[in-house]
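In the numbering used here, the protein residues as written are 8 to 456.
What follows is the structure in structure tokens.
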């Protein structure tokens, strides 16, 4: 009986009404959430560009600079789960709005750092306030997008990461040129001009987002029915039983499936942190001597442009085939090869191409990854399960800056840190075959949108 409801729902999607309502939902939500994520990710990674001049101004070593980002992620990991619990109770509109205002103020306040210790404290505050945004929005997307549409939705949302890395690189290099204006260093202007927009957008969230489809005044009754029918079809009877109390949310949160997803995400997130934090400095190390910050900023945008194209194409292809496992493995292997080229090619052009491959593969894999965990987690445990996977994975984000910074100080090269990330990508690629990711059925494999 349930299978019939799934087939009917998907036929509706391919036919007309549901497909149209999904286009309407995408237009309403994805562009806005994309902009919010741009501001979130910018406030997370701008310290990488600030480090080009901040390290000298504050007298920081690479290890101390890496520690600041490690402490950010420790706070981020610690607060992600409770933040998602609060979001599930009070709603995305109120909670995401509050988070954006709080992290915008905390990020802006980083301009007042005067030493390693004050920088540590300020980055901890940014980590605490930003922790709930990404897992919160990933949960929020499951309330609006059926599984069959999730890869492209995730890709269109998550291209905010490479877009921000590229756009942020270009604009950050220019902002650093404001050094001395108003008595502020260039990196202080960076935190000021890139932090305050989050505060403004946080206020807008209160008026723009709806928590659930039935609250959306921009959908009519028929559109709400088609959307809710498709979302209900994603909840198999076995998972309905779990929600009735047969399996507690806590037990499910610590299930082998959730732990395995967490381990794979840990391996993947290490390379994402490598790209976000160290790319400007890696490009500086392989570029021509004397290259200015503006040139480095321009070069750092090239991998991100490649990433945006790759994410959109691969996400659409994954949804059309409804295949997830190989669509996750192949980008991770591409990233591993790219990092090895970046470390050992010897030719700056090939090394930059390697960084392009690493960035494209890593971010593309991330967007596909987040289409899979909810298929192994009941609706009741979804908020906590997603937060657990995100939190455990981001332990990698906490470790990477410290490990890579220490290896850089030890070897005077980024090669050892790059090898560290490559090994984790290969391990993660092997572990993917142990994940409970369903194979595409004949029916879903034939879908075309």
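Where a beta carbon is used, it is the ideal one built from N, C-alpha and C, also for glycine. Nothing here was measured: the structure is a model prediction, and the numbers come from that model.
Cβ-based burial, residue i [other Cβ within 10 Å; buried from 16]
i: residue 210; result: exposed
i: residue 338; result: buried
i: residue 444; result: buried
i: residue 130; result: buried
i: residue 221; result: exposed
i: residue 189; result: exposed
i: residue 27; result: exposed
i: residue 371; result: buried
i: residue 90; result: buried
i: residue 161; result: buried
i: residue 418; result: exposed
i: residue 96; result: exposed
i: residue 377; result: buried
i: residue 53; result: buried
i: residue 159; result: buried
i: residue 124; result: exposed
i: residue 108; result: buried
i: residue 273; result: buried
i: residue 251; result: Below a pLDDT of 50, predicted positions are generally treated as unreliable, and residue 251, at 45, falls in that range; the measurement from the model is reported next regardless. By the neighbour-count rule (16 or more Cβ atoms within 10 Å), residue 251 is not buried but exposed.
i: residue 436; result: buried
i: residue 30; result: exposed
i: residue 214; result: exposed
i: residue 343; result: buried
i: residue 207; result: exposed
i: residue 263; result: exposed
i: residue 157; result: buried
i: residue 205; result: buried
i: residue 351; result: exposed
i: residue 389; result: buried
i: residue 154; result: buried
i: residue 47; result: buried
Residue i: first and last residue of the uninterrupted alpha helix (DSSP H) it sits in
i: residue 292; result: 286-293
i: residue 330; result: Neither: residue 330 is in no alpha helix (DSSP H) and is coded neither H nor E.
i: residue 371; result: 355-376
i: residue 283; result: Run containing residue 283: none; DSSP gives neither H nor E here.
i: residue 397; result: 389-400
i: residue 47; result: 24-65
i: residue 379; result: Note, residue 379: premise wrong, no alpha helix (DSSP H); not H, not E.
i: residue 157; result: 157-165
i: residue 425; result: 422-438
Own chain residues within Cβ distance below 7 Å of residue i, not counting five before or after
i: residue 170; result: 45, 311 and 315
i: residue 357; result: 348
i: residue 98; result: 218
i: residue 49; result: 171, 175 and 201
i: residue 323; result: 159
i: residue 405; result: 77, 80, 81 and 84
i: residue 247; result: Any answer about residue 247 is weak, because its pLDDT of 45 lies below 50 and its placement is not dependable; what the coordinates show is given next. Excluding sequence neighbours, residue 247 sits near nothing in its chain.
i: residue 233; result: 19, 24, 25 and 28
Same chain, Cβ closer than 6 Å to residue i, five either side skipped, listed in chain order
i: residue 118; result: 195, 198 and 199
i: residue 172; result: 311
i: residue 78; result: 127, 130 and 131
i: residue 223; result: 217
i: residue 73; result: 408, 409 and 412
i: residue 120; result: 126 and 129
i: residue 166; result: 315 and 318
i: residue 289; result: 421
CB-CB length for residue i against residue j, believed under 8 Å
i: residue 346; j: residue 429; result: 5 Å
i: residue 106; j: residue 136; result: 6 Å
i: residue 32; j: residue 100; result: Actually they are not in contact, since the Cβ atoms of residue 32 and residue 100 sit about 16 Å apart, beyond 8 Å.
i: residue 25; j: residue 237; result: 6 Å
i: residue 414; j: residue 277; result: So it is not a contact: roughly 13 Å between Cβ atoms.
i: residue 68; j: residue 416; result: 6 Å
i: residue 283; j: residue 51; result: 7 Å
i: residue 334; j: residue 396; result: About 18 Å; that fails the 8 Å criterion.
i: residue 391; j: residue 380; result: That belief does not hold up - the Cβ atoms of residue 391 and residue 380 are roughly 12 Å apart, past 8 Å.
i: residue 180; j: residue 303; result: 6 Å
i: residue 364; j: residue 279; result: Actually they do not touch by this definition, with Cβ atoms about 14 Å apart.
i: residue 355; j: residue 439; result: The pair is not a contact, with the Cβ atoms about 33 Å apart (cut-off 8 Å).
Proximal residues to residue i (C-beta, below 8 Å), its chain only, five neighbours per side dropped
i: residue 285; result: 55, 408, 411, 421 and 424
i: residue 93; result: 102 and 139
i: residue 144; result: 40, 43, 44, 99, 103 and 164
7 Å Cβ cutoff, residue i in contact with chain B
i: residue 266; result: The chain inventory of the structure shown lacks chain B, comprising one protein chain alone.
Contained alpha helix (DSSP H) runs [length at least 4] in the region 83-155, N- to C-terminal order: 99-115, 123-137 and 140-149
Those runs of the alpha helix (DSSP H) which lie wholly inside the region 193-239 and span at least 4 residues: 193-215
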